[in-house]
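In my numbering, the protein residues as written are 560 to 662. For every residue, glycine included, the Cβ atom is placed at its ideal position computed from N, Cα and C. It should be emphasised that the depicted structure is a prediction, and the values quoted were computed from it without experimental measurement. Single-structure report; data block below.
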């Protein structure tokens, strides 16, 4: 599905317990197109539970906050690195640690 998408910068996030286990794959499993940038985000390490809020997990809450354009109207945009920085800050002090893998 990712390979067939026309989107050049893709973000896949897994906001579920033990989701870090799903990032244990080989680089060969990721499409190797030079024009495509894929960022995988797991809510927690392979041995951690992911915290939930009322309607979704804390990773999804942080993503929704940062991807909402209203508070960041003057921003120059967002990329995988600024998103990682924001999420790491938002989840600081939580009993889970998000994991990242980029292609």
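Nonlocal neighbours in the same chain, by C-beta distance under 7 Å from residue i, ignoring five residues either side
| i | result |
| --- | --- |
| residue 538 | Look at the range of the chain in this structure, 560 to 662, and you will see that residue 538 is not part of it. |
| residue 578 | 601, 602, 603, 609 |
Run of the beta strand (DSSP E) containing residue i, from where it starts to where it stops
| i | result |
| --- | --- |
| residue 570 | 568-573 |
Selection from the options that minimises the alpha carbon distance to residue i
| i | options | result |
| --- | --- | --- |
| residue 568 | 579, 642, 578 | 642 |
| residue 583 | 565, 576, 604, 656 | 604 |
| residue 658 | 565, 576, 563, 560 | 576 |
| residue 618 | 563, 653, 639, 638 | 653 |
Per-residue burial, residue i [other beta carbons within 10 Å of its own, 16 or more giving buried]
| i | result |
| --- | --- |
| residue 623 | exposed |
| residue 620 | buried |
Close beta carbons around residue i, own chain, < 6 Å, minus the five adjacent residues each side
| i | result |
| --- | --- |
| residue 570 | 598 |
| residue 607 | 655 |
| residue 660 | 582, 599 |
Alpha helix (DSSP H) segment containing residue i, residue limits
| i | result |
| --- | --- |
| residue 625 | 617-626 |
| residue 649 | 639-649 |
Close beta carbons around residue i, own chain, < 8 Å, minus the five adjacent residues each side
| i | result |
| --- | --- |
| residue 594 | 567 |
Under the three-state DSSP convention, the category residue i falls into
| i | result |
| --- | --- |
| residue 658 | strand |
| residue 611 | strand |
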